[in-house]
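Working notes for the structure below.
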Amino acid sequence: MPGKTSDEVANEQKRQILVRNEQRKLRASFGNTLAGGIISVGSAGPVVAWFAGTISVIPIVGVLCWFFLGVVIHLLAMDFVEGMELS
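According to my numbering, the sequence shown is numbered sequentially starting from 160.
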């Protein structure tokens, strides 16, 4: 069985880079979705409950903590995408 030509090797390397980049984007998308869910449930949820009258005081510290956590996860996901390779 003959060895691979230089074009075949180059194409395989490009394919591997594309696969790794797609995997990175998928993981970053998951992190961004997680961040959005955390911000929605942890931050917006108590504010909506307060406007609806189901709670009398907004737990400010809790809201800020959940919002901050969501922002941090979002920024980590953005940083993850910036590490993509060029083909």
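All C-beta atoms in this analysis are idealised placements derived from N, C-alpha and C, irrespective of residue type, glycine included.
For clarity, every value in this text was computed on a predicted model and none was experimentally measured.
**Report entry** For Leu193, the first and last residue of its enclosing alpha helix (DSSP H)
**Finding:** Walking along the sequence shown from the start, residue 193 turns up at place 34. Taken as a continuous stretch (DSSP letters only), the alpha helix (DSSP H) holding Leu193 covers Ser165 to Ile198.
Query raised in the report: Does DSSP put Pro218 in a helix, a strand or coil?
Result: Here the question's residue 218 lines up with position 59 in the sequence shown. Coil, per DSSP.
**Report entry** Buried/exposed call for Ser199, threshold 16 Cβ in 10 Å
**Finding:** Locating residue 199 in the sequence shown gives position 40, where the first residue counts as 1. Looking at its Cβ environment, which holds fewer than 16 other Cβ atoms inside 10 Å, Ser199 is exposed.
Query raised in the report: Should Ser202 and Val178 be called a contact, given that it needs their Cβ atoms to be closer than 8 Å?
Result: Taking the sequence shown and counting its residues from 1, the one referred to as residue 202 is at position 43. Taking the sequence shown and counting its residues from 1, the one referred to as residue 178 is at position 19. Not closer than 8 Å, so no.
Requested in this report: Drop a sphere of 10 angstroms on the beta-carbon of Ile219, count the other beta-carbons inside from all chains shown, and report buried for 16 or more, exposed for fewer.
Outcome: For the purposes of this step, residue 219 is taken as residue 60 along the sequence shown, with counting starting at 1. Label assigned to Ile219: exposed.
Query raised in the report: For Leu245, which three-state DSSP category applies?
Result: If you number the sequence shown from 1, residue 245 lands on position 86. In the structure shown, Leu245 sits in coil (DSSP, three-state: anything other than H, G, I, E or B).
**Report entry** Contact belief for Arg186 with Phe239 at Cβ below 8 Å, rounded distance in angstroms
**Finding:** For the purposes of this step, residue 186 is taken as the residue at position 27 of the sequence shown. For the purposes of this step, residue 239 is taken as the residue at position 80 of the sequence shown. About 6 Å; that satisfies the 8 Å criterion.
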